[in-house]
Amino acid sequence: VDPSQEAKKMRRRLVASFDVGSGSTKAEVYQLTYDTSTQRWLVDAEPLLSLVEDVLLAHDLETQSPAECLSESITNALTQAICRLADKARATGPIDVLDGVATAVFRRAKNANEVLERASRESGVSLRVIDQQAEGRLGWATCRALHPDAVLAWDSGGASFQISGECQGELSVFEGPWGASTATAALIREVRGSEFARNSSVNPVSMEECMKLKRLLVERMPDPPVWLAGALPGRVGCFGGDTSAFNVARLVLAADGVDNADVRISRETLTLALERQCAGKSDDELIARGFELQVDMTVPKVVLVLAVLEHVLGDGADVKYRPANGSCAGVAMQLAFSL
Numbered sequence: 001v002d003p004s005q006e007a008k009k010m011r012r013r014l015v016a017s018f019d020v021g022s023g024s025t026k027a028e029v030y031q032l033t034y035d036t037s038t039q040r041w042l043v044d045a046e047p048l049l050s051l052v053e054d055v056l057l058a059h060d061l062e063t064q065s066p067a068e069c070l071s072e073s074i075t076n077a078l079t080q081a082i083c084r085l086a087d088k089a090r091a092t093g094p095i096d097v098l099d100g101v102a103t104a105v106f107r108r109a110k111n112a113n114e115v116l117e118r119a120s121r122e123s124g125v126s127l128r129v130i131d132q133q134a135e136g137r138l139g140w141a142t143c144r145a146l147h148p149d150a151v152l153a154w155d156s157g158g159a160s161f162q163i164s165g166e167c168q169g170e171l172s173v174f175e176g177p178w179g180a181s182t183a184t185a186a187l188i189r190e191v192r193g194s195e196f197a198r199n200s201s202v203n204p205v206s207m208e209e210c211m212k213l214k215r216l217l218v219e220r221m222p223d224p225p226v227w228l229a230g231a232l233p234g235r236v237g238c239f240g241g242d243t244s245a246f247n248v249a250r251l252v253l254a255a256d257g258v259d260n261a262d263v264r265i266s267r268e269t270l271t272l273a274l275e276r277q278c279a280g281k282s283d284d285e286l287i288a289r290g291f292e293l294q295v296d297m298t299v300p301k302v303v304l305v306l307a308v309l310e311h312v313l314g315d316g317a318d319v320k321y322r323p324a325n326g327s328c329a330g331v332a333m334q335l336a337f338s339l
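Each residue of the sequence shown is one higher than the last, beginning at 1 in UniProt numbering.
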């Protein structure tokens, strides 16, 4: 076969996918290739560009009284972040589509549409709020690219978590009510009885407070459905970036000397690591142990992972982490399917 003739059969497009989460805003640029034999657009395995900016939207919403609208200052910060990411995406080449999703915090904020309309208008990125079921489906698509053998996909953000899996040929999503920011707010307000302030740290957090927070999170978490329990024991693929709860758990395990080349997360070893590496430690002590990113949420993130392991997944789950830039890959796959 003449390679030049084969090349002529293929068309290529560049797309930029955005995941506007409750704690960070992510963007990736992917090349799509059109395969005339299948008449489908295919997403390249690796992005041409992968970027993230921390914008703590859920933190901002939690500090409002009442917690109903995102502030003007965080709206400005988000708009500027998306504009910067869009400009960097365009610098990679002629982008055909800039498209993104907005998740949990936008399902709560009363001014979500106004905030996103401004960000879309100024950046040129098409943004839309998706429900938690759709978020879980994106997580499943992203996870399966990283963990082909996973029976469940676990995605955890700033204000919610999702566990997705196939049951009798259909994709189901377990909707978790907690994320890193909302767990942090619960620690401050309900475990300590204090006011949640944007720029104050929760550290140090005692082990007793950790256990109280875990019980609170579990008490307000739905019981796992039959389809989810039926998938266990089995591989649970989790994913996220540097500040994700899963990467923080990985770092805590590594600091505790756990030989974890496969990046597996178990409740017993993580509980011991939390007590030895995090409980009772100040910001400076945690940073010295390698937890410098969003250090004020290090402990709540680990406790949230433990709560889900205890209440939803159980000790039989084989939980394995792989790094990913949110669900940008899943957004790109949806774009490819729709073109």
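Note that beta-carbon positions come from the ideal geometry of N, C-alpha and C, so glycine has one too.
Residue i classed as buried or exposed, judged by whether at least 16 other C-beta atoms fall within 10 angstroms
{"i": "L251", "result": "buried"}
{"i": "K26", "result": "buried"}
{"i": "A141", "result": "buried"}
{"i": "E114", "result": "exposed"}
{"i": "Q294", "result": "buried"}
{"i": "K110", "result": "exposed"}
{"i": "P47", "result": "buried"}
{"i": "P3", "result": "Here P3 scores only 47 on pLDDT, less than 50, and its place in the model is too uncertain to base an answer on."}
{"i": "D284", "result": "exposed"}
{"i": "N325", "result": "buried"}
Expected contact under 8 Å - CB spacing of residue i and residue j to nearest Å
{"i": "L32", "j": "R12", "result": "7 Å"}
{"i": "S164", "j": "L171", "result": "6 Å"}
{"i": "G23", "j": "D60", "result": "Rounded, the Cβ-Cβ distance is 10 Å, inconsistent with contact."}
{"i": "L78", "j": "L57", "result": "7 Å"}
{"i": "F246", "j": "S327", "result": "At roughly 14 Å, the Cβ-Cβ gap does not stay under 8 Å, so F246 and S327 are not in contact."}
{"i": "L14", "j": "T92", "result": "7 Å"}
Straight-line gap, residue i to residue j (C-alpha atoms, nearest Å)
{"i": "L274", "j": "A255", "result": "10 Å"}
{"i": "residue 342", "j": "I95", "result": "Examination of residue 342 is not possible in this model, given that the chain is present from 1 through 339 alone."}
{"i": "S206", "j": "A67", "result": "27 Å"}
{"i": "P204", "j": "V248", "result": "17 Å"}
{"i": "T271", "j": "V105", "result": "29 Å"}
{"i": "S282", "j": "S338", "result": "49 Å"}
{"i": "A119", "j": "L70", "result": "13 Å"}
{"i": "residue 342", "j": "V305", "result": "Absent from the structure is residue 342, since the part of the chain shown begins at 1 and ends at 339."}
{"i": "A112", "j": "G257", "result": "43 Å"}
{"i": "A332", "j": "D99", "result": "8 Å"}
{"i": "V226", "j": "C167", "result": "10 Å"}
Which listed residue (the options) has its alpha carbon closest to that of residue i
{"i": "G330", "options": "Y30, S24 and L116", "result": "Y30"}
{"i": "K301", "options": "D54, A180, G240 and Q39", "result": "A180"}
{"i": "A229", "options": "C143, Q277 and V173", "result": "V173"}
{"i": "D242", "options": "I82, R322, A134 and V129", "result": "R322"}
{"i": "S50", "options": "S73, A89 and N76", "result": "A89"}
Contact under 8 Å by Cβ, residue i with residue j
{"i": "V20", "j": "V97", "result": "no"}
{"i": "M221", "j": "H311", "result": "yes"}
{"i": "L217", "j": "W178", "result": "yes"}
{"i": "T298", "j": "L286", "result": "yes"}
{"i": "S17", "j": "E28", "result": "yes"}
{"i": "W154", "j": "V263", "result": "no"}
{"i": "P233", "j": "A317", "result": "yes"}
Neighbour flag for residue i against chain E, beta carbons, 8 Å
{"i": "T36", "result": "Looking at the structure shown, chain E is missing, and only one protein chain is on hand."}
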